[in-house]
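Chemist:
Protein chains: 2
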Amino acid sequence: MNIPQDELYALLRKPLATREGMTRQRTLYLTLRDAIINGTLQAGSLLPGSRVLAQSLALSRNTVNTALEQLAVEGYVLRDRQGTQVAKLAKVSGPSALPPPVSLARGVQNLPVGVQRYSPALALTPGIPAANYFPQTAWRRLTERVWRDEGNALLNYGDSAGELRLRMAIARHLALSRGIDCEAAQIVITEGAQEALMLCVRLLCNAGDDAWVEEPGYVGAKSAFLSAGLNVSGIPLDGEGMRLDVTAPQPRMIYTSPSHQYPLGLVMSATRRLALLEYARRCGSWIIEDDYDSEFRYPGEPIPAMLGMVAHPPVVYIGTFSKTLFPSLRIGFMVMPPALAQAAAPVIGSLLRGGHRAEQLTLARFIEEGHYSRHLAAMRRLYRKRQAHLREALRQEMQVEHRIFGGSGLHLTLSIPGIDDRALVREAHKHQLAPHALSRFWLNPDAASSGLVLGFGNTSAAQFPAAVGVLNRLIVRQQGG
Amino acid sequence: MNIPQDELYALLRKPLATREGMTRQRTLYLTLRDAIINGTLQAGSLLPGSRVLAQSLALSRNTVNTALEQLAVEGYVLRDRQGTQVAKLAKVSGPSALPPPVSLARGVQNLPVGVQRYSPALALTPGIPAANYFPQTAWRRLTERVWRDEGNALLNYGDSAGELRLRMAIARHLALSRGIDCEAAQIVITEGAQEALMLCVRLLCNAGDDAWVEEPGYVGAKSAFLSAGLNVSGIPLDGEGMRLDVTAPQPRMIYTSPSHQYPLGLVMSATRRLALLEYARRCGSWIIEDDYDSEFRYPGEPIPAMLGMVAHPPVVYIGTFSKTLFPSLRIGFMVMPPALAQAAAPVIGSLLRGGHRAEQLTLARFIEEGHYSRHLAAMRRLYRKRQAHLREALRQEMQVEHRIFGGSGLHLTLSIPGIDDRALVREAHKHQLAPHALSRFWLNPDAASSGLVLGFGNTSAAQFPAAVGVLNRLIVRQQGG
């Protein structure tokens, strides 16, 4: 069975005339292929010889032959001495086929909504450090030295657990500043704290396991747990931290931010820490200790981690450089107890690929050479001042009823009764302000308090009075005042 | 109840004398804290006043007060006008407590073992591009321009789905080179292909769902599926690709590498592709099309993706720059059908944080300005030659019975009957050669063939004769020849 040649040429000439940035060969190939798939060229049809095709289409014979050869490799045509024959393909749904129905996995169907992010960050965004104070020149110089010293080897895959030199530098820093005694072998470098959370769950939890989070608490932990199919219970807080006198299913995993509770800024008391450690030990639970910004404590020194409090704690410690250096660096880490680290090593080897080696080695040198400690000290001074200025602005400008929580890190939290804080945040965006709504930190919306989380890391002192003034006006307007 | 003062001072003086890199204040704090936790200082004991303590220990009063204040903040002591009293803490397991028992999640207990990675990569390592041909100067210049143009804004979090400019550049490249018609909104930038795989599973699968992988096939896909708790079936291949005439549980997810099957190098035939698409559509399955190195095809042009073959395919396409640029870049991506992309967007927003913005924008410009196409063309020529040289070396030096599979990409696969290929690979490492064992690509070890996967991407032509000679000798020795 042959194809009427005039029909075939008509089919091919138009795409060849209008081909969009493609070679003639590719255009010919794609046009023939689509005609075969959709049945315009029927199975068993014989195509003209390549010489005839080339002449009729004003193409080189090489172009035609290469296109036909590719069709043959993929099985659209059969070529032999007799010529080129259209192959018999599986029946395929036509272009009228419907898109495949989308049903997402149960775990991700109702995740907490992520926050809207702006670039550059708007004033009052929580958790954003002061980008313009980052010592870029020193960092770039170290990066250049890393490339000069290590060369092309850096282009290759790295250690799945992250560069050894960075893990060693982190271990030394943790010993001095966080009271944690660990070896590099216990540390895994991750894509920020979020990947560390997801990795903890993957290592230690089966779908359907129970997990505890703080209520209110960090939204990213809930997302990580829910998306892995865990049953998540929000555990209320009192002045000492997570309450242990509540009824909740015995957890496999407990997420907490004991040194600076997010978002309320509490320090978990020593008694509660020890009680939680004992509880976890008794139940066979693992505690994830998220130590996201406790380097910034004023007054006083950073509060040592739970990981270093007692012998053999059932704790995985999570840290990040997103708050102390800059978020787009995406370097976080986890510290596991030795036995867990040993058991996890082959899993890490199967699931992670290392990488970002120049960045990791730059960070290692940044820590080793003291830039990191100096930057932390400078930022501690800066943020202490910024917080004082924000408090002053609140005292002057915030006329509506509110209560302030927190006193460290990069944010202050205001509870403001009876407002629609999410609507308020949307309004604030129009004024180039991006506080977070306090109510979004509750798993159970009925238990939520309304208010605002105000970041002061990326906002200069001069901005606070006007910014707080705007927020106050928006609240008053919302309250119909 | 008071503490005998001489005992207290004896307890404190030694650490203060030997403090290791810590301030006196921190040493005092930690020593007191540990004594309280372990019960040496009992609940209710009164500490001496800060003036007495300071004098007796030869410390400044400020140092003592700050340390005591921190203990009070954390609840180890209670301070009032009467003095400083040791708080009552929860009972805690002593230092003799056992480490917490480690039981890993079911999904990660028996993952395929990852390969040993060397830095720099050894000769014959599969999947490693030619690092010394990467145009580092052009790349670094673009990075500098990105920093100059974008400045500090780059330090902040980015779009969760990755930089828009990079997604647009990838969409244009895919249209021209892979026959894929997509919008930037369908693309998510990931940490290499591995994160894309894990994200697909998280988006679309519940634990316990069935998944198909190619047998033999890419080990990383199996690890991603198993670690998420999927039931994984290995589907055997014939000359056209994955067989559809086998008995296996109806899958939610099907992983395939149709343009260049890993490790066998097959091209999935057009008929089989269409049959697989129809099968997936009928069963409500999703196909993950892993297109890891199909830019490198010789002779002929890259084979278009399944994603572009028919209207509305139930396909998520996965690509990576690890093979075309360099592995430690850790930039991969996934392309979802529009409806899935729309449903997935809030999940991506909850789970990912963007980041690595300077790298992503450098890559965007690298593609936009034509460096990427030029590099691909140059590498295609280089790898074509390297493959020819490897084949020549095999013809000359490989005297044991073998069969060669593949003809594109960055590797050739040899089946070599009756060898212990994993032992062979361990021996080869001693000679600075790192082929992979063919048998590790089977899920079912009983079905596995033995052989070697030889990478030629990072190995120069001059190295092949000696390298193949070594492998031949090792095989002969193993066979007792």
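Line by line, the protein sequences give chains A and B.
Per the numbering used here, the very first residue in the first sequence carries number 154; after that it's consecutive.
Per the numbering used here, the very first residue in the second sequence carries number 154; after that it's consecutive.
Here a beta-carbon is modelled for each residue, glycine too, at the ideal position from N, C-alpha and C.
If we define contact as Cβ-Cβ less than 8 angstroms, is Glu227 of chain B a contact residue for chain A?
Modeler: Yes, Glu227 of chain B lies at the interface with chain A (some Cβ there is under 8 angstroms from its Cβ).
Chemist: Tell me whether the beta-carbon of Leu221 of chain B lies closer than 8 angstroms to the beta-carbon of Arg177 of chain B.
Modeler: no
Chemist: Straight-line CA distance for Lys375 of chain B to Met351 of chain B?
Modeler: 10 angstroms
Chemist: Based on Cα-Cα distance, which residue from B:Arg179, B:Gly622, B:Ala576, B:Ala377 lies nearest to Asn218 of chain B?
Modeler: B:Arg179
Chemist: Using DSSP's beta-bridge definition, name the partner residues of Gly485 of chain B.
Modeler: B:Thr343, B:Thr473
Chemist: Determine the DSSP secondary structure at Asn611 of chain B, reduced to helix, strand or coil.
Modeler: coil
Chemist: Helix, strand or coil: which one does DSSP assign to Phe558 of chain A?
Modeler: strand
Chemist: Given Ile190 of chain A, which residues of its chain have a CB within under 7 angstroms of its CB, disregarding the five upstream and five downstream residues?
Modeler: Leu242, Val245
Chemist: Using a Cβ cut-off of 8 angstroms, pull out every chain C residue sitting near Pro273 of chain A, in sequence order please.
Modeler: This model lacks chain C altogether, as its protein chains are A and B.
Chemist: Any chance you could list the beta strand (DSSP E) runs of at least 3 consecutive residues sitting entirely within the segment 347 to 421 of chain A, in chain order?
Modeler: 363 to 368, 384 to 391, 406 to 409
Chemist: Whole angstroms are fine: how far does the CA of Ile281 of chain B sit from the CA of Arg293 of chain B?
Modeler: 21 angstroms
Chemist: Pick out the complete beta strand (DSSP E) segments inside the segment 537 to 608 of chain B, 3 residues or longer, and give them in chain order.
Modeler: 556 to 558, 564 to 568, 604 to 608
Chemist: Tell me which same chain residues have a C-beta within less than 7 angstroms of the C-beta of Arg506 of chain A, skipping the five on either side of it?
Modeler: Tyr310, Ser313
Chemist: Is the CB of Met175 of chain A under 8 angstroms away from at least one CB in chain B?
Modeler: yes
Chemist: If we call anything under 8 angstroms between Cβ atoms a contact, is Arg318 of chain A one with Tyr451 of chain A?
Modeler: No, they are not a contact pair.
Chemist: Does the pairing of the segment 441 to 451 of chain B with the segment 520 to 534 of chain B give three or more beta-carbon distances under 8 angstroms?
Modeler: Yes: the two stretches touch, three or more of their Cβ pairs being nearer than 8 angstroms.
Chemist: Using the rule of at least 16 other Cβ atoms within 10 Å of the residue's Cβ for burial, across every protein chain shown, is Ser503 of chain B buried or exposed?
Modeler: buried
Chemist: Assign Leu200 of chain B to one of three DSSP states: helix, strand, or coil.
Modeler: strand
Chemist: Have a look at Asp573 of chain A and Ser603 of chain A and give me their C-alpha separation to the nearest angstrom.
Modeler: 7 angstroms
Chemist: Does DSSP put Ile281 of chain B in a helix, in a strand, or in coil?
Modeler: DSSP, reduced to helix, strand and coil, places Ile281 of chain B outside both helices and strands of the structure shown, so it counts as coil.
Chemist: With a 10 Å radius around its C-beta and 16 neighbouring C-beta atoms as the bar for buried, classify Gln403 of chain A as buried or exposed.
Modeler: exposed
Chemist: What does Cys358 of chain B touch in chain A if you count any residue whose Cβ is under 8 angstroms from its own?
Modeler: Result: Ala258.
Chemist: Taking C-alpha atoms, which residue in B:Trp365, B:Ala423, B:Pro253, B:His413 lies nearest to Val399 of chain B?
Modeler: B:Trp365
Chemist: Given this structure, state the Cα-to-Cα distance separating Leu397 of chain A from Ala433 of chain A, to the nearest angstrom.
Modeler: Between Leu397 of chain A and Ala433 of chain A, the C-alpha separation is close to 11 angstroms.
Chemist: Please say whether Leu277 of chain A and Leu577 of chain A have beta carbons closer to each other than 8 angstroms?
Modeler: no
Chemist: Report the rounded CA-to-CA distance for Glu148 of chain A versus His509 of chain B, giving the unit in angstroms.
Modeler: The shown model of chain A, from 154 to 634, leaves out residue 148 of chain A, and the question about it has no answer.
Chemist: Between Thr473 of chain B and chain A, is the shortest Cβ-Cβ distance under 8 angstroms, so that the two count as touching?
Modeler: no
Chemist: I'd like to know if Phe479 of chain B contacts chain A, where contact means its C-beta is closer than 8 angstroms to some C-beta of that chain.
Modeler: Chain A, which has a Cβ nearer than 8 angstroms to the Cβ of Phe479 of chain B, makes this yes.
Chemist: Is the CB of Lys244 of chain B under 8 angstroms away from at least one CB in chain A?
Modeler: yes
Chemist: Below 8 angstroms, can you find three or more Cβ-Cβ pairs linking the segment 284 to 292 of chain A to the segment 518 to 529 of chain A?
Modeler: Yes, the segment 284 to 292 of chain A touches the segment 518 to 529 of chain A.
Chemist: How long is the line joining the alpha carbons of Leu275 of chain B and Gln414 of chain B, rounded to whole angstroms?
Modeler: 23 angstroms
Chemist: Which stretch, first to last residue, makes up the alpha helix (DSSP H) that contains Leu185 of chain B?
Modeler: 177 to 190
Chemist: When the Cα of Leu567 of chain A is compared with those of A:His582, A:Arg548, A:Lys583, which residue comes out closest?
Modeler: A:Arg548
Chemist: Span of the beta strand (DSSP E) holding Gly236 of chain A?
Modeler: 236 to 239
Chemist: Would you verify that the beta carbon of Ser313 of chain A is, or is not, closer than 8 angstroms to some beta carbon of chain B?
Modeler: Taking Cβ atoms only, chain B reaches closer than 8 angstroms to Ser313 of chain A, which makes this a yes.
Chemist: Confirm, please, whether the CB-CB distance from Gly345 of chain A to Gly192 of chain A is below 8 angstroms.
Modeler: no
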